[in-house]
Every structure is written in C-alpha cells, then in structure tokens.
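Numbering (our numbering), first residue to last: 7 to 380.
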C-alpha cells in the first residue's frame with residue numbers, strides 16, 4: 007500500500023513522507039527520512055555516578071546515539087532538556103547524537119546504528135517476534151499510548167469504535183496492523199468501513215476527503231484544532247488497546263555487556279522528563295528548545311504555541327499516571343505489562359513478558375535515587 011505525499015501542515019519538510027510510529031512493517035520504513043543529527047551540550051561537572059553507585063568520570067561511558075520516532079518537536083522535550091542541562095554528561099556519557107525519525111527504530115537499534123531508540127510496545131514486539139531482533143523495552147516515557155482516530159465534530163464525528171462503520175478512515179501503511187487490531191479489539195468487521203491509504207497529512211481530513219484519521223492525540227489532533235476545527239478523538243488506549251509508547255529500547259547485547267550504560271541513560275532520561283513536566287515552566291522550556299534549537303531547521307517551522315500545548319498534554323495525559331505517582335516515571339508496573347500483553351494479543355502478536363520487557367534497570371534507578379520519584 008503506497009502513501010500519498012504529505013503537504014506542509016504537519017511540520018515536516020515539504021515532500022517528505024512520514025511512515026510513522028508503529029514500524030510493524032519494518033522493511034518499508036528503512037528508507038524513510040534522513041538521520042539528522044544534533045550536536046549536544048554538556049555539563050562542566052566532571053563526575054557522575056556509575057551503575058554501581060561509584061564515581062565515573064564524564065565521558066567514561068562513551069558517546070551514544072539515540073534514535074527518535076519522529077521529527078525533533080516537543081515530543082522529545084525531556085531528551086532536549088537532559089542534553090541542554092548536561093544530564094547525559096553527568097551520567098557519564100560523552101557526545102549524544104539525536105537521530106531524527108521517522109525511520110524503523112527497531113532496525114536502527116538492532117543493527118547497532120543507535121544505542122537506544124524510542125518506539126512503542128507494538129512495534130518492538132512485532133520486530134522481536136517477526137524479525138528476531140534482540141531487543142528489550144527498558145522504560146516507558148508514555149504510560150498511555152497517544153494513538154487516536156481523529157475526526158471533525160461536523161464531519162465524521164467518531165465518538166465510539168462503532169461510529170467508524172460506513173466511514174472512510176485514513177490509515178498509514180505502517181499503522182495498518184495496529185488499526186486492524188483496534189477493529190478486532192472492538193469486534194468490528196473491517197468490511198463495514200473503507201480504509202483509505204493516507205499519510206499523516208491532516209489536509210484530507212480537513213477537506214472532507216476522509217472521515218477519520220489515525221493520528222497522535224498530542225500532535226495531529228492539536229494541529230487540526232489549531233486550524234480552527236472542532237475535533238473529536240477516539241483514543242486507542244481507552245478503546246481496547248492500552249500499551250506503552252515512546253518506550254526506550256536497546257539490544258540484549260548492551261543489556262548484558264554494558265548494563266551501566268542502560269542505567270545511566272535511564273537516569274538522565276528521568277531527570278530530563280521530570281523537568282520537562284514540571285508545570286508551565288517545564289512545558290515552555292521543552293517547547294522552546296524544540297522550536298529554537300533542536301528543531302530549528304524544520305521547514306515549515308514549528309509553532310511555539312502548538313509545541314507548548316503538546317508538551318502540556320503529553321505530560322498530563324501520557325507521561326504521568328497514578329502508577330508513576332507511586333513508582334516513578336518511566337517505570338512499567340506488572341499490571342501495565344499484563345495490559346500490554348493483552349493488547350499485543352489483540353494485534354495478533356504473542357510474546358512473553360520477559361522477551362519484551364526488562365524493567366530491572368529503571369526500578370534500580372528509582373530505588374537508588376528516591377529523589378527522582380517526583
């Protein structure tokens with residue numbers, strides 16, 4: 007299934023085609039986008055804490071590359087703050103390169119072209135099961151996934167899964183399996199609706215060519231609302247498909263041979279995201295870093311008001327939850343893991359918890375640094 011070229015409304019470079027997010031069809035994503043790099047800042051602090059709680063000189067853990075799932079917008083506010091405030095350096099890393107998406111994050115990490123990647127449970131599980139990639143999820147930025155069926159109140163007005171019947175739903179090729187999982191989870195026969203191949207461009211929705219669009223509640227939904235439309239969201243997480251997203255993935259080899267690197271990275275991540283989610287000041291700081299520094303070369307330019315709102319919503323709706331209030335951000339509770347496995351089963355992916363998750367590192371980070379519990 008081919009994707010239509012997107013327009014300029016998504017905040018992507020004109021003419022680019024975003025194969026976004028789930029990466030279930032990994033091979034189709036390998037050529038998507040250039041791996042743009044961002045030079046990273048550092049701290050003047052010459053010491054850090056290694057995985058055993060001892061002193062580690064800045065840079066001892068080497069340089070690292072982090073593969074993003076999307077363009078450098080406020081979705082990665084925590085990473086931008088961690089870099090600009092020197093938290094990665096404090097943790098013992100040298101240079102940190104942020105690689106722009108959209109690409110097949112699992113392929114990039116599994117091949118060694120990045121040390122860590124940001125993905126989601128469905129994508130990673132599919133890569134492990136279908137391609138045999140030696141990967142694990144070691145932490146989760148988003149406790150609740152942001153996928154949604156976006157519609158217009160005076161258009162498709164899709165408020166329940168059943169409302170999709172008789173409608174045209176724009177679905178991106180890499181998200182087709184995920185969308186079909188949503189249908190299966192809600193006992194909806196695919197024949198009752200029309201699946202329209204579409205990119206993440208919102209113009210077909212706004213122009214009435216489609217009635218609904220697979221989107222991110224913190225991105226495309228905000229874009230359409232910002233264009234003056236009254237929007238309606240049908241979140242996957244609230245309709246049978248709860249799973250963690252913006253998950254930190256790395257290889258089994260790094261977990262086994264460089265465990266201190268995993269722990270140090272997660273510590274810096276938690277520090278950055280705690281600051282990014284620290285009220286309006288944090289939302290604005292992360293958004294400004296996206297607009298003025300890390301995503302400054304995006305054409306058309308990112309809009310600060312939208313990025314601030316994205317930062318706010320992702321923190322309030324996705325990053326923080328009752329479980330993270332009790333356990334700390336980036337943690338994944340046993341209950342959440344079970345819910346994820348049920349969602350994966352609905353998507354036709356059978357995998358054991360131990361083959362997908364390793365939460366020992368983030369649990370140790372929180373245990374060793376109780377101030378990071380938030």
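Positions of the beta carbon are idealized from the N, C-alpha and C atoms, including for glycine.
Straight-line Cα distance separating residue j from residue i
i	j	result
residue 82	residue 92	16 Å
residue 71	residue 320	24 Å
residue 354	residue 76	25 Å
residue 356	residue 126	16 Å
residue 212	residue 194	25 Å
residue 144	residue 269	9 Å
residue 323	residue 100	33 Å
residue 198	residue 171	5 Å
residue 181	residue 188	11 Å
residue 316	residue 325	12 Å
residue 22	residue 372	Note on residue 22: pLDDT 36, under 50, position unreliable in the model; the coordinate value appears next. Going by the C-alpha atoms only, they are around 40 Å apart.
residue 98	residue 66	6 Å
residue 148	residue 242	14 Å
residue 298	residue 90	12 Å
residue 122	residue 375	22 Å
residue 349	residue 137	20 Å
residue 169	residue 109	32 Å
residue 358	residue 107	28 Å
Among the options, nearest to residue i - alpha-carbon criterion
i	options	result
residue 254	337, 160 and 102	337
residue 362	66, 65, 112 and 85	112
residue 105	364, 350 and 301	301
residue 370	228, 168, 197 and 266	266
residue 246	340, 172, 185 and 107	185
residue 224	312, 95 and 373	312
residue 307	317, 296 and 316	296
residue 366	380, 244 and 261	261
residue 86	67, 289, 347 and 109	289
residue 234	309, 276, 158 and 341	158
residue 273	84, 343, 165 and 68	84
residue 176	341, 205 and 166	205
residue 257	107, 95, 117 and 103	117
residue 228	202, 310 and 358	310
residue 139	349, 179, 377 and 259	259
residue 351	327, 305 and 191	191
residue 226	215, 208 and 242	208
residue 314	375, 305, 173 and 232	232
residue 160	114, 214 and 379	214
residue 103	203, 202 and 271	271
Cβ separation of residue i and residue j, assumed to be a contact under 8 Å, to the nearest whole Å
i	j	result
residue 88	residue 278	3 Å
residue 73	residue 141	Rounded, the Cβ-Cβ distance is 12 Å, inconsistent with contact.
residue 335	residue 276	6 Å
residue 210	residue 345	About 33 Å separates the two Cβ atoms, so there is no contact after all.
residue 5	residue 162	There is simply no residue 5 to check, as the chain begins at 7 and stops at 380 in what is shown.
residue 120	residue 114	5 Å
Every unbroken beta strand (DSSP E) inside the region 181-252 [3 residues or more]: 200-203, 218-222 and 237-241
Ignoring anything shorter than 4 residues or poking outside the region 291-331, list the alpha helix (DSSP H) runs there in chain order. Segments of the alpha helix (DSSP H) lying fully in the region 291-331: 310-319.
Sufficient close CB pairs (3 or more, under 8 Å) joining the region 143-163 to the region 216-233: yes
How do the region 282-290 and the region 129-136 stand: do at least 3 beta-carbon pairs fall below 8 Å, yes or no? no
For the 8 Å Cβ check, are there 3 or more pairs between the region 231-243 and the region 327-336? no
In chain order, which continuous runs of the beta strand (DSSP E) of length 3 or greater are located wholly inside the region 108-185? 122-126, 141-148, 153-158 and 174-177
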